Structure formats: structure tokens, C-alpha cells
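Mapping of the sequence shown onto my numbering: position 87 corresponds to residue 89, and the numbering continues sequentially without gaps.
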Amino acid sequence: MASKSKTRSKPDLDPPSLDEDDGLVIDASERPAIPDTLPILPVRGMVMLPGTITPIAIGRPSSQTLLDESLPKSKVIGLFTQRDEDDDEPDVDDVYRVGCAGLVLKLIRQPDETVQILVHGLGRVRIRRVLKRDPYLRCKVTTVREKKGSGKRFNAAINQLRDQARELIEAMPNASDQAMTVLLNIDDPSALADFLVANLDLSVEQKQDLLEEADVAKRVRAVHQHVTTQLEIQQLQNKIQEDVQESIGQTQRKFFLREQLKAIQRELGETDDAEGDGVVGQLRERLEEADPPEAVMKEATRELDRLAVIPPASPEFSVITGYLELIAELPWNKSTKDRLDLRKARAILDRDHFDLDKVKRRLIEYLAVRKLNPEGKGPILCLVGPPGVGKTSLGQSIADAMGRKFVRLALGGIRDEAEIRGHRRTYVGAMPGRIIQELRRAESNNPVMMLDEVDKLGADFRGDPASALLEVLDPRQNHAFVDRYLDVPFDLSNVLFIATANYAGNIPPALMDRMETIDLPGYADHDKLEIAKTYLVPRQLAEHGLTAAQCRWLQGGIKAVIEGYTREAGVRELERQIGAVCRAVAAKVASSRGRNGHAVKIDAAKVADLLGPEKHHRELDTCTAVPGVVVGLAYTPVGGEILFIEATRYPGTGKVQVTGQLGDVMKESAAAALSLFKSRAESLGVDPAVLNDHDLHIHVPAGAVPKDGPSAGVAMFTAIASLMLGKRVKTKLAMTGEITLRGRVLPIGGVKEKSLAAARAGIKTVLLPADNERDLPEVDEQVKRKLTYKFVRDVDELLEAAL
């Protein structure tokens, strides 16, 4: 019965370190005296015996109270067996009158509020009278005096008992060596009898009878009888086990002989194996229907011939059968017909995705080429962009537009090369690679296969999966792709592979060279507005059981969510925030049922009420109100971002400190910016002595976020110049570019992403390297209308435009 009381303080126990094995014996010299008054702990289903150590689980509240109150005073308690195990609150009449005084060695409190104690039996005690009953029994007890045995007959009985007990331990298959050691080291006849009683398979009543027996000679004879009985039973069980094993061995021998006889008869043509021939015949028919290439059919026929002479019970029979079934199920000649209607294909792409014109145009071009040249090899496309812009879902839309099957391989975290190429059939549990498995499931040899998160492949001692993809993603080689399990070439040239990645820099160069990269830079705010109205809001209303009348989203509400609660390149967080608003509305609608519904208009004020304060809000005017603070533009795998670069000075010796968890390249940009400013200090009107008398500290906030790259060079130079000249940077202006020690401004990448980030943050003017002017056509037109671009060639033009 588990205790319901709270955990009490643990009694002050300091026992020796002991194993909690039932049946261990402690030397008599270590046993304390037994008091004449003991707290009585009723136990059920067991009998505590003197000289043994036994763990006991305590669950009753009264028993736990007994331990908590008695153990700090005396660690000796009385353990008496209940007459009825189902009695939860036994009285003195419900337990046997003879029990065992025990020393509590250890107490452990369990997480389920039960207690486990380790008790060492001290000696037999008899209840004389009850002193109190509540909250637990406490009784006056007397120690049971044993009648010692003596004489040659008694000593012979002890020796015979010890010998038979040793035989019993040796006959038991699971007996421990420790039990034999303890048996041989017990000299006291009473302790020997009690040890054997504790370890024999006896009922509670039988053990209680032996506990109550004070005459050691009679107890030894009774134990001897029980040991003899159990020894005979154990010897009989061992004989039965040996007979069974011998019978099984003969049966297996006959089985193998019969199978060999069948194989000999089959070779002589004297009999037919219905089972084997049936499987071989079915596989032969399925292979003929699959119609694989001639080289594949030749290998399959060779395996079929081997299968015909192998017994069905052989492990190799199932291995060859599984291999041939794979060959029969692969779509060697099965393909879907491409839908080459370009207008319908474009309509399907526009239905499922907003914008992404470059990707859609490239796919329409691919369909046009397939229409003009059906035998042409398909390209390998790689969609690179931040999370949440629709790369993965675009694969399904492409398959729908082309009328092909769609399969997706999630490559993130894969480190085993066998996931791509498969295992050799010599291994137990070998399987084909995931490419062959997906083709079997697709039942088509020309599906659209999405290789998702190809930039997150790993490599370890099991091989490099990215290197295994080199053959798969090469249109000149993948017509003869060989899976290790299949061990015959399979033509992958008809498959349209589309890979996705968040950051192209993590893809090995050799693999990147085999793919045609299409950048998805992310969505501008106006794009997100259209996506939310067309896709996200209707989907979230449906998922939350709402109608457009019950939850009416206004354009101002969607804009408020976009501008104040999300700061991302994709739309995942936007959909989550829309879902949060819909949940709140659903709660109101559900609580107002029966009152003609509940209509809610979602405007900017309602969004603020339901979602709380805005999460993304920066006052650019106040951030750049002092000299030494510059807004930079950064490119990350999750899209563009703005970052602030701060510089300050204080009296010192000309040292420089750079902080903000910056990478090596960014630290080198800071060093180059400082060196360049020192070289031009006099021409800029700054006394070089000022630089020598002050320490400079450059800091990039958001120190928990790692930052690296050369494109912060111009921002760091401008921050140092602004600080030293005492001129603050123009408001709502951001910049990006790399500098050289000669003062030139070099081009950078990620102009589209950085422009989106600037527009989201409320920037009005962006300073770019002059060589990046050619990248402006890639920037969204509405984003360009929000920004004014100024192009600089050197730091002189930079300072003139920035300060």
C-alpha cells in the first residue's frame, strides 16, 4: 500500500556499506542487544529470520511513522509476519506471536514516497503484551531461548545437511558463488538452518513454523527434509531439461537430413519441391513483367537458378528472395507522362506559390526544352534561400505542374554513406539506399525527387554522403547508378532532382558544381502581405475551425503582425503569429456559442491586444544620435539582417579592443579599418597624438550571436571616423562593403537579402560599393522604391555620403 503522507526527515542512520542480497550473514559479535520493548512492524508475504539481511519495502503510513519516530532512538525493531496478506491495518491478533528482532542498517526514500529499509535479523522474539496500538504497535517482548543440539548424531545431521545444501546449490543453474561461500563459512548450526530456510523455496507458513521452532535439533531435521525434497526436484528438472535438449538436437538433425535428401532428389529429378518451385516460378513471372535491361535480367536469372537449389529453410533463401523481389518491383520501364502544357503548368505554380518568378520561369523553360527534345537530360536544380520561403513545398508544386510523382529525401543529419548507396548483401539486415527505396515506392522512374537540406549532410567514420551524391547528381553519370545492394546499374537520368539548402557555403564545391543554383532571397513586406491574405489566413482559419465572418482579418492587422511581430525572410513565424491570433478568437467564438456567433475584426489595435507589445521595434534615429554608431548590413543563412557597430574611446595608450563574438575575418576588417584611419588621420584633420593617447573599443551588439565576414569593413571605418571627428552618421542610413588598406571599397554579396533587411528596418539610404550597382536588377522593385542607393568607390566618397 503506497504511502500518501508527505516525505519526512530521514532518520539519522549511518550503516556500513553492504550488498542488499537476501541471505547474507553478519558476525554475531556485531549484533546489538535486543530491548524488552520493541515497535512492531507487520510484514506480509515473507518471514524475517535471524542472521540474514533482507530489503523490505515500506508503503503504509503507519509503518513509515514507526520508522520516523523509532529509528532516531533505537535502530532495533520487531518484524512479525501477518496472518492475512490483504489486511492493510493489522492488529496484534493479526500477526504471528513469534517474530524476529531486526537491526535497520539502511533506509532509502524512493521517488514514489515509499521507503526501502535493509534489515539484519538479530534473534527470535515473542510478544508478551501490547503497550500501545496507535499510530503503530509497540509491545513488550521476550527473547526466545533456543535449545542447543549436541552429540554425534546431531553433528552427523549437521554435516549431512551441509553436504546436501552444497549439492542443491551446485544443481541450481542460477545459483551464485556467494551463496556457496556463505554456506561453507557458517559454523553455528542454528544460523546454518536459518540461512537455508531463508533461501529455500518454502511457503510463508512453513518458514513461520521453522522460525517458531526453538529446538535446534528438530529445526535441523525439518530443514534437512526440505533440502532433500528440493534437491530431488531440482535433479529431476535438470534430467528433464537434458532430455528435452537431446530431443531437440535429434529433431534438428533429422530436419537437416531430410532437407539434404530433398535437394539430392531434386537434382536427380525424382521429386518436385512444391514450395521452392512455387516461389521461383512466381519470381520468374514478376521479373518478366518488370522487363529490366538485359544485364540486369542476366544477373536476376543467375540468382533465380541459385534459389532453385537452396532449401526454403536456409537463411540465404530469404536473402535471395528479397533481392529478386526488389528487382521485380523497381520501375525499370514505368514512367509518368509529362504534362507539357506550359500555361497549365504556370497556372499550377502560381496557384501554390506567390512570386518566385525566377524559379517558375526556370521550370517553364525546362518544360519547353522537354517538349522540343524529349530525350534531353534533366538539370539538377538547387534552391538556396533562408528558411520559410517555400523551397520544400515548391517541389510538390513542380511535380503537380509536370504531372509527375513526388518523393522527398530529408538529408539533414545523415552521416552514413550507405543511406545513399545502400549496404552490400553480405551484411545481415542489408537494405538498398534511400534513392532506390524511394523509386520503388514511387513506382515511376521519372519522379521529382526533392533532396531536402543538402547543406546539412555530415561525415564521419561511416563515410561521406555528400561525396556519394556526386554520381547521383551528375547527368553525365547517373544513367548507370549502381546501388551496393542492387549491384546492377539503374538509370537515374529521367529523375528531376531538386536540392534545397539554406546556405550554399556549407555544400562541398564538387557537389555545388553539379547543380544549377537558384537563389530565393526571401520576401519583402508587401509580398508577405499578399501571401498572408491569399494563403496563410485562409489556412489558419480552416485549421482553427473559424469562418471569414467570425474572424475578419483587415489589411492593417496583417501589416501590424508583419512589421511588429516578425523579422524573418520567410513566412513561418508570420503564420505562427496569425495562428496565435486565430486561437484567441476561436476561444471567444467557442465561449459564445448559442448567442448567434461571435464576429471579431482583426485590425492593428486588436493584434496588439491579442499578441501583446511589439517584439521587433528599433528606433534608428536614437541609435545613431551620437558619433561613433553606424548601421551595417549583414547576410546570414536565414536572410539579411541589420547590425549596429559602435565605437568609443577613453584615455589610454593606443590599444584597440573588439567585442561582440566576432569571427576572425570580421576582426581583421576592424584592424584594417583602424590602420586605414590612422594612415589618413592628418588628412582628415585628426591629430595622430590623440590616437596614441586613447584606447579604442569597437563593439557589435547582440553578443550572443556569432558574426563574421568582410562586408562590415566600411561600417567599422565609418564608426571610427565618426567617433574621432565628432560627427554623427546620417539618420536612417545603412552601409555595407569591404575596404582595403588603400581606401578602396570592394564589392560584396547578398545585395538582395541586405536590401530586404534594410527595408524591413525602416532604412531610407543604403551605401553600396560601386561594383555592386550591377546587382540592383535582382532587387524587388517595391523594395528599391523604398530605398535610395548611393554607390561609393573609396572611403573619401564614403565619409562624404555618410557623415
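Backbone N, C-alpha and C fix where the C-beta goes; we use that ideal spot for every residue, glycine too. If you're wondering where the values come from, they're calculated on a predicted model, not measured in any experiment.
_As an exercise, report each continuous beta strand (DSSP E) stretch of at least 3 residues that is fully enclosed by the segment 355-401, in chain order._
If we require 3 residues or more, the beta strand (DSSP E) runs fully inside the segment 355-401 come out as 383-386.
*Roughly how many angstroms separate the alpha carbons of D29 and I79, rounded to a whole number?*
Low local confidence applies: a pLDDT of 48 at D29 is under 50, so the model's placement there is unreliable, and no value is given.
*The alpha helix (DSSP H) with P41 in it runs from where to where?*
Run containing P41: none in the alpha helix (DSSP H); it sits in the beta strand (DSSP E), 39-45.
_CB of A571 within 7 Å of CB of I644, strictly_ = By the CB criterion at 7 Å, A571 and I644 fall outside the cutoff.
*With distances taken between CB atoms, is the gap from V229 to L185 smaller than 7 Å?*
For V229 and L185, no; Cβs fall outside 7 Å.
*Helix, strand or coil at Q552 according to DSSP, with G and I counted as helix*: Note: Q552 maps to coil in three-state DSSP.
*Nonlocal neighbours in the same chain, by C-beta distance under 6 Å from A804, ignoring five residues either side*: Result list for A804: T720, V731, in chain order.
*Buried or exposed: where does N504 fall if 16 or more other Cβ atoms within 10 Å of its Cβ makes it buried?*
Burial state of N504 is buried, judged by a 10 Å Cβ sphere holding 16 or more other Cβ atoms.
*Determine the DSSP secondary structure at R353, reduced to helix, strand or coil.*
Annotated three-state conformation of R353 is helix, per DSSP.
*Counting only runs of 4+ residues fully inside the segment 737-799, write out the alpha helix (DSSP H) ranges in chain order.*
Counting only unbroken stretches of 4 or more residues, the alpha helix (DSSP H) elements lying wholly within the segment 737-799 are 753-763, 783-788, in sequence order.
_Which complete beta strand (DSSP E) runs does the segment 634-690 hold, if anything under 3 residues is left out?_
Counting only runs that start and end inside the segment 634-690, the beta strand (DSSP E) elements of at least 3 residues fall at 641-653, 658-661.
_Beta-carbon spacing of V298, V490 below 7 Å_ = Result yes, Cβ atoms of V298 and V490 sit closer than 7 Å.
_Member of T738, R99, I647 whose CA lies at the smallest distance from the CA of S724_ = Comparing Cα positions, the closest option is I647.
_Member of L800, F156, P779, V143 whose CA lies at the smallest distance from the CA of K360_ = Of the listed residues, the one whose Cα sits closest to K360 is P779.
*Given a cut-off of 7 Å, decide if F82 and V97 are closer than it, judged by their beta-carbon atoms.*
Yes, the Cβ-Cβ distance between V97 and F82 is below 7 Å.
_Any contact between the segment 377-390 and the segment 335-346? By contact I mean 3 or more CB pairs, one from each, below 8 Å._
Contact between the segment 377-390 and the segment 335-346 is absent, because fewer than three Cβ pairs lie under 8 Å.
*asked:* Quick check: what's the CA-CA separation for G558 versus Q112?
replied: So the alpha carbons of these two residues sit roughly 58 Å apart.
*Counting pairs of beta carbons, one from the segment 412-424 and one from the segment 659-679, are three or more of them closer than 8 Å?*
A contact is defined here as three or more CB-CB pairs under 8 Å, and the segment 412-424 fails this definition with respect to the segment 659-679.
_Could you check whether C102 and M2 sit closer than 7 Å to each other, using their CB atoms as the reference points?_
There is no way to answer for residue 2, as the model of the chain reaches only from 3 to 805.
*Within this structure, are the beta carbons of V633 and A506 separated by less than 7 Å?*
The answer is no: Cβ separation not under 7 Å.
*By how many angstroms is the C-alpha of V218 removed from the C-alpha of D95?*
Each residue's alpha carbon lies about 27 Å from the other.
*Identify, in the order they occur along the chain, each residue of the same chain with its Cβ nearer than 6 Å to the Cβ of A717, setting aside the five sequence neighbours on each side.*
Once the five neighbours on either side are set aside, the close Cβ partners of A717 are V632, G634, I647, M737.
*Do you know how far the Cα of L194 is from the Cα of E261?*
Distance from the CA atom of E261 to the CA atom of L194, rounded to whole angstroms, is 57 Å.
*Go through its chain and collect everything with a Cβ distance to K530's Cβ below 7 Å, but skip five positions before and after it.*
Result list for K530: I564, V573, L576, in chain order.
*Closest by C-alpha distance to W334, when choosing among L263, G324, P449*: Answer by Cα proximity: P449.
*Which residues in the same chain as G378 place their Cβ atom closer than 7 Å to its Cβ, once the five residues preceding and following it in sequence are excluded?*
V371, R372.
*Cα-Cα separation between P137 and S178, rounded to whole angstroms*: S178 has its alpha-carbon roughly 41 Å from the corresponding atom of P137.
*Where do the ends of the beta strand (DSSP E) carrying F408 lie?*
Residues 408-412.
*How far does the alpha helix (DSSP H) with P317 in it reach, from first residue to last?*
Here the alpha helix (DSSP H) through P317 covers 317-331.
*Excluding five sequence neighbours on each side, which residues of the same chain lie with their C-beta closer than 6 Å to the C-beta of F492?*
For F492, where only same-chain residues beyond five positions count, the Cβ hits under 6 Å are F483.
*With a Cβ-Cβ cutoff of 7 Å, do P1 and V753 count as a contact?*
The structure shown does not extend to residue 1, since the chain is modelled only from 3 to 805, so the question has no answer here.
_K8 in three-state terms, based on DSSP_ = Because the pLDDT of K8 is 33, which lies under 50, any placement of that residue in the model is unreliable, and the number read from its coordinates should be weighed accordingly. DSSP places K8 in the coil class of the three-state scheme, outside both helix and strand.
*Could you give the C-beta distance for A649 and I700, rounded to a whole number, given that I count them as a contact under 8 Å?*
Indeed they touch by this definition, with Cβ atoms about 5 Å apart.
_Which of the three DSSP states is assigned to M174 in this structure?_
In the structure shown, M174 sits in coil (DSSP, three-state: anything other than H, G, I, E or B).
*Measure the C-alpha to C-alpha separation of A173 and Q166 and round it to an integer number of angstroms.*
Distance from the CA of A173 to the CA of Q166, rounded to the nearest whole angstrom, comes to 10 Å.
*Is L68 closer than 7 Å to L43 when the C-beta atoms are compared?*
Closer than 7 Å, so yes.
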